[in-house]
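Notes to accompany the following structure.
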Amino acid sequence: MWRLTFPVLGAILFGAHLYFWGNYLLLPIPVILLILLFIPFRLVCWLWQICLICFGVEWLISAYQLYLRRIAAGMPFALGTSILVVCGILTMLSALVFFSRKIKNRYPLHV
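Under our numbering, the residues of the sequence shown are numbered 32 to 142, in order.
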């Protein structure tokens, strides 16, 4: 289903983000979410929405921390910070995919 492209991409990018920063304890979360997409139940959609919003908030926190570190070191900050902010916003917006009718039909409330 092509509508799930952006949420899946957001989870993969967040997994790469966790791997880059060495946070191996949380690394299974995006992998488990990708596996859960094969279970046709509405709870999976709700879990994905919550996780995508949390992923986006983490991207924004990382952008703010990068901004502070770069300012303190006197280094340029605009490009790296803007990339992280865009990743955060797009990850949070990809949670809106789960409100579409086709996705709701694919993941019903009852099994």
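Heads up, the beta-carbon is just placed ideally off N, CA and C, and yes, glycines get one too.
Can you give me the start and stop residues for the alpha helix (DSSP H) that His48 sits inside? One-based indexing of the sequence shown puts residue 48 at position 17. Counting along the chain, the alpha helix (DSSP H) containing His48 begins and ends at Thr36 to Phe51.
Looking only at its chain, what residues have a beta carbon closer than 7 Å to the beta carbon of Phe129, apart from the 5 residues adjacent to it on each side? In the sequence shown, residue 129 corresponds to position 98, counting from 1. For Phe129, where only same-chain residues beyond five positions count, the Cβ hits under 7 Å are Cys76, Trp79 and Gln80.
Excluding the 5 residues flanking Leu83 on each side, which residues of the same chain have their C-beta closer than 8 Å to its C-beta? Against the sequence shown, residue 83 aligns to sequence position 52. Excluding sequence neighbours, Leu83 sits near Pro38, Gly41, Ala42, Thr122, Met123, Ser125 and Ala126.
Can you tell me which of Ser131, His141 and Trp52 puts its alpha carbon nearest to the alpha carbon of Met32? Counting from one through the sequence shown, the residue named residue 32 turns up at place 1. Nearest option by C-alpha distance: Ser131.
In three-state DSSP terms, what is Tyr95? Position 64 of the sequence shown holds residue 95. Helix at Tyr95.
Anyone know if the C-beta pair for Thr99 and Val116 falls short of 8 Å? Counted from its first residue, the sequence shown places residue 99 at position 68. Counted from its first residue, the sequence shown places residue 116 at position 85. For the record, residue 99 in the displayed sequence is Leu; it is not Thr. Cβ distance not < 8 Å, so Leu99 and Val116 don't count as in contact.
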